[in-house]
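Numbering (the working numbering), first residue to last: 369 to 674.
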Amino acid sequence: MPGVVLAITGESRMKRTNELIVALAVMAVIIVVTWGIYAVGDNMPNGVTPFSKDVYQLHNVILAVVTVIGVLVFTAMFTSIVVHRKSKGYEAAKFSHSTAAEITWTAIPVLILIVMAIPATRVLIDMENTGGAEINIKVTGYQWLWKYDYLEDDISFYSMLDRESNRARQINSGIDVYGVDNYLLEVDNRMIVPTNTKIRLLLTADDVIHSWWVPDLGWKRDAIPGMVNEAWTLIEEEGVYRGQCAELCGKDHGFMPIVVEAVSPEAYREWVESRRSEQAAQADSSDEIRPIPAADESSALLVDRG
Ligand SMILES: [Cu+2]
């Protein structure tokens, strides 16, 4: 009898070793496939504000956590499917309740969620903190353009799809859209802001719900009629940052881009002065009307880095 017991233990140890080898092989395949997908795919942009960098870090941490979970779960699943298949004589366990299993598969996910919630909450709280802004800009969405009101500087203007993109997008325009620079991502009047300055944006809309989204700033916020949503940004690098309306708002939803141009605080002051005198001249000659798209010299302070 002891001989039989010994033989069985030896056999089950062999089985365990085989299972382990299969599990490691399966895990290696899953890791290689996952790595391949990550290598080929696009990650979200790191952005140009401290806040967008926090969001990016948070995204990376959570992506790592879910990747580890995914690798472990798929390894266990595929190993079980291969090693414990019915044709090898395996039968499913028939227990109906296991307190230990219930506690384990509740406690572990709860712990993981708590660990992920801590940094996520920190970023969310930071996102809501619009205090201490030096510049307040009201952004209003219309079908299908944006209006920017600089509350401290009394500047206000509309910003719509630039003339070249608009011409190219017409049916049978005969224009090759690939030849148009920043096709559908250029406007007549860019939103000019200074770098390294906390800017509060007050978002609203005048007709339907729009959504103001510039990926490099790290957030997206709905512009809702009758409501004012708040957001803030602080752009560290000079440059041109492009975005789009991100809420389906009607037939020309795809034709109301957003272009933010961050310039040095000195260049910003100059722009404010020139814009103000331009506005004063306009106010003398006519009442405010929505402009027809026109190439605007003042919006070309900075060469687009493409
Ligand atoms: Cu819209």
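All residues carry an ideal CB built from backbone N, CA and C; glycine is no exception. Just so it is clear, the structure is predicted and the values come from calculations on it, not from any experiment.
Using CA atoms only, rank isn't needed, just tell me which of the options is closest to residue i.
{"i": "D410", "options": "I398, Y424, R558", "result": "Y424"}
{"i": "D530", "options": "S541, G547, L552", "result": "L552"}
{"i": "M624", "options": "M395, V434, Y510", "result": "Y510"}
{"i": "S524", "options": "V408, D574, N557, T498", "result": "N557"}
{"i": "G438", "options": "I399, V451, L492", "result": "I399"}
{"i": "G611", "options": "L392, E554, F419", "result": "E554"}
{"i": "W581", "options": "A599, V483, T472", "result": "A599"}
{"i": "H621", "options": "I539, S541, I603, W514", "result": "W514"}
{"i": "R568", "options": "E496, A485, K454, Y406", "result": "E496"}
{"i": "G618", "options": "G586, H578, Q647", "result": "H578"}
{"i": "L616", "options": "V576, W403, A461", "result": "V576"}
{"i": "C613", "options": "H465, W512, N540, P593", "result": "W512"}
{"i": "E521", "options": "I560, I493, V491, P487", "result": "The residue you asked about is not Glu; residue 521 is Asp in the sequence shown. Of the candidates I560, I493, V491, P487, the one whose C-alpha sits nearest the C-alpha of D521 is I560."}
{"i": "E634", "options": "S642, R381, G594", "result": "S642"}
{"i": "F352", "options": "L602, S653, I626, Y636", "result": "No answer is possible for residue 352: the residues shown for the chain start at 369 and end at 674."}
{"i": "Y406", "options": "L392, T435, A391", "result": "T435"}
{"i": "E449", "options": "I480, A391, F463, V478", "result": "A quick correction: the sequence has Ile, not Glu, at residue 449. Measuring from the Cα of I449, the nearest candidate turns out to be A391."}
{"i": "T565", "options": "A501, S464, V397, K462", "result": "A501"}
{"i": "K456", "options": "S645, K383, G499, H465", "result": "K383"}
Between which residues of its own chain and residue i is the CB-CB distance below 8 Å, once the five residues before and five after are set aside?
{"i": "E605", "result": "V416, T563, A630"}
{"i": "R673", "result": "Caution applies to R673, whose pLDDT of 38 falls short of 50 and renders its modelled position unreliable; the value that the coordinates give is listed next. Closer than 8 Å at Cβ, skipping near neighbours: G607, V608."}
{"i": "A662", "result": "Its pLDDT being 47, under 50, A662 is placed unreliably in this model, and the value from its coordinates should be taken loosely. Around A662: R531, D556."}
{"i": "S380", "result": "none"}
{"i": "S632", "result": "P562, T563, E606"}
{"i": "L431", "result": "none"}
{"i": "M595", "result": "T572"}
In the DSSP assignment, the beta strand (DSSP E) including residue i goes from what residue to what residue?
{"i": "I560", "result": "559-562"}
{"i": "A628", "result": "Reading off the sequence shown, one finds Val at residue 628, where the question assumed Ala. Unbroken beta strand (DSSP E) run through V628: 626-631."}
{"i": "L513", "result": "513-518"}
Quick check: does the Cβ of residue i come within less than 7 Å of any heavy atom belonging to ligand 1?
{"i": "G509", "result": "yes"}
{"i": "W587", "result": "no"}
{"i": "H621", "result": "yes"}
{"i": "M559", "result": "no"}
{"i": "W512", "result": "yes"}
{"i": "A624", "result": "The residue you asked about is not Ala; residue 624 is Met in the sequence shown. Yes, the beta carbon of M624 sits closer than 7 Å to at least one heavy atom of ligand 1."}
{"i": "H427", "result": "no"}
{"i": "H465", "result": "no"}
{"i": "E615", "result": "yes"}
{"i": "H578", "result": "yes"}
For residue i, which residues of its own chain have a beta-carbon under 6 Å away from its beta-carbon, when the five flanking residues on both sides are left out?
{"i": "E532", "result": "V548"}
{"i": "T508", "result": "K515, T572, D574"}
{"i": "E387", "result": "V451"}
{"i": "V394", "result": "T443, F446, T447"}
{"i": "Y518", "result": "I505"}
{"i": "R589", "result": "L571, W580, N597, A599"}
{"i": "V545", "result": "A536, Y551"}
{"i": "I626", "result": "V582, G611"}
May I ask you to list the residues that DSSP assigns as paired with residue i?
{"i": "P593", "result": "A573"}
{"i": "V608", "result": "E629"}
{"i": "E580", "result": "Per the sequence presented here, residue 580 reads as Trp, with Glu not at that position. DSSP lists R589, C613 as partners of W580."}
{"i": "S527", "result": "W514"}
{"i": "V507", "result": "Y516, L571"}
{"i": "A599", "result": "L569"}
{"i": "V555", "result": "L529"}
What residue does the alpha helix (DSSP H) around residue i start on, and which one ends it?
{"i": "T565", "result": "Per DSSP, T565 belongs to no alpha helix (DSSP H) and is neither H nor E."}
{"i": "S466", "result": "Per DSSP, S466 belongs to no alpha helix (DSSP H) and is neither H nor E."}
{"i": "F446", "result": "418-451"}
{"i": "N534", "result": "531-537"}
Please work out which residues of its chain come closer than 7 Å, Cβ to Cβ, to residue i, disregarding the five sequence neighbours upstream and downstream, and give them in chain order.
{"i": "K421", "result": "N414, G415"}
{"i": "W587", "result": "M495, A599"}
{"i": "R535", "result": "S541, I543"}
{"i": "V491", "result": "D422, V423, L426"}
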